[in-house]
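S.K.:
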Amino acid sequence: MSPSESEAAFLARYDPADYARPAVAVDLVLMGLSAGRPALLLLRRDRHPHAGRHALPGGFVGIDEALEDAAARVLREKAGGVPAHLEQLYTFGAVERDPRMRIVTVAYLALLAEAAFAEALERAPTLSFGTVALPRRGVADEAEAAAPVTVLSPTGEALRLAFDHAEIVALAMRRLRGKLDYSEVGFRLLPELFTLRQLQDVHEAILGTPLNKPAFRRRMLDRGWLEPTGRFETGTSYRPAELYRFRPTSPSQGD
1 MSPSESEAAF LARYDPADYA RPAVAVDLVL MGLSAGRPAL LLLRRDRHPH AGRHALPGGF
61 VGIDEALEDA AARVLREKAG GVPAHLEQLY TFGAVERDPR MRIVTVAYLA LLAEAAFAEA
121 LERAPTLSFG TVALPRRGVA DEAEAAAPVT VLSPTGEALR LAFDHAEIVA LAMRRLRGKL
181 DYSEVGFRLL PELFTLRQLQ DVHEAILGTP LNKPAFRRRM LDRGWLEPTG RFETGTSYRP
241 AELYRFRPTS PSQGD
């Protein structure tokens, strides 16, 4: 390049074909709760590679498409556009992660409240779900980080996941566990109005361990995250519990 060459002239003669370009995809970890356990929405692949295995909903990023737009499109096209909290999880770029060609995928964590999780299954009949089994939190950090993820079918059978999707799901669970105590992620799995019992159920499901009820409630109330509504749940056979809503404490709460 000549020192006197303008940027416009440089770009005019620049040839992108001089460099090999990998394909870029997005994959969504669509997660909610089912029967007190973390659950995923999955697609069963009907073509090679990994035909017959279950996979995270995903797709290739268009050449003129932003990553966030691609993630929103996949959510719309493959999960019926249900409301979800989307946040970028991690980029997976192992050279041989896909046998077809060099594909780098950007994984997104998409958290669904119970109603949205059920609605996605209704809107997208190609979707199925599996529950996630991971070691309880509290084991050695190295052991938890290296532990393989197991995704179970509704009948309890282990599902074989395509590509490196088991690794993606394992990282998503570790991210959830790591952020649960200081961010709003747990509230993204709840309806707008919820009881303290429902909030504890979410924490226990993600952590995989029971929590002390009085200590948990005291900690949640002391943090200033909960706004009482003065309303109570209905349709219960027991004493109805008060309903709360999440109250963000700062603009960076979800970071």
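Residue 254 in UniProt numbering sits at position 254 of the sequence shown, and the numbers go up by one each step.
Cβ coordinates follow ideal geometry from the N, Cα and C atoms, glycine included.
Every value quoted in this text rests on a predicted model; they were computed, and no experiment measured them.
1. Relative to the C-alpha of L109, which candidate in L189, S6 and P210 has its C-alpha closest?
2. Can you tell me whether T236 is buried or exposed? The criterion is at least 16 other CB atoms within 10 Å of its CB, across all chains shown.
3. Return helix, strand or coil for E87, following the three-state DSSP convention.
4. To the nearest angstrom, report how far apart V95 and A23 are at their CA atoms.
5. Quick check for students: name the residue ranges of the beta strand (DSSP E) that lie wholly in the region 62-107, counting only runs of 3 or more.
6. Need the endpoints of the beta strand (DSSP E) that P214 sits in, please.
7. Please list, in chain order, all residues of the same chain as E204 whose beta carbon is under 8 angstroms from its beta carbon, the five residues on each side excluded.
8. Taking three-plus beta-carbon pairs below 8 angstroms as touching, is the region 153-172 in contact with the region 66-86?
9. Could you tell me the alpha carbon to alpha carbon distance between L111 and F117, rounded to whole angstroms?
10. Ignore the nearest five residues each way along the sequence and tell me which others in A143's own chain have a CB closer than 6 angstroms to its CB.
11. May I ask you to report which of helix, strand or coil DSSP gives H48?
12. Which whole-angstrom value describes the C-beta separation of H54 and R44, a residue pair presumed to lie in contact below a C-beta threshold of 8 angstroms?
13. Quick one: what's got a C-beta closer than 7 angstroms to A229's C-beta in the same chain, skipping five residues either side?
14. How is P16 classed by DSSP in three states: helix, strand or coil?
15. Within this structure, are the beta carbons of L30 and A158 separated by less than 8 angstroms?
16. What did DSSP end up calling D201 once you bin it into helix, strand or coil?
17. According to DSSP, simplified to helix, strand and coil, what is E114?
M.R.: Quick look at the numbers:
1. The residue from L189, S6 and P210 with its alpha-carbon nearest to that of L109 is L189.
2. Exposure of T236 is indicated by the presence of fewer than 16 other C-beta atoms within 10 angstroms of its C-beta.
3. E87: strand per DSSP, three-state reduction.
4. For the pair V95 and A23, the Cα-to-Cα distance works out to about 12 angstroms.
5. Listed in chain order, they are 85-92.
6. Run containing P214: none in the beta strand (DSSP E); it sits in the alpha helix (DSSP H), K213 to D222.
7. Cβ within range, chain order: G36, P210 and L211.
8. With a cut-off of 8 angstroms on Cβ pairs, the region 153-172 is not in contact with the region 66-86, counting fewer than three such pairs.
9. Answer to the nearest angstrom: the Cα atoms are 9 angstroms apart.
10. Residue confidence for A143 is low, a pLDDT of 49 falling below 50, so the modelled location carries little weight and cannot support an answer.
11. Note: H48 maps to coil in three-state DSSP.
12. The Cβ separation is near 5 angstroms, so the contact holds.
13. The sequence given here has Thr at residue 229, not Ala. Counting only residues of its own chain and dropping the five nearest sequence neighbours on each side, T229 has a CB closer than 7 angstroms to the CB of L193, L243, Y244 and R245.
14. Helix at P16.
15. No, the Cβ-Cβ distance between L30 and A158 is not below 8 angstroms.
16. Helix at D201.
17. Helix, per DSSP.
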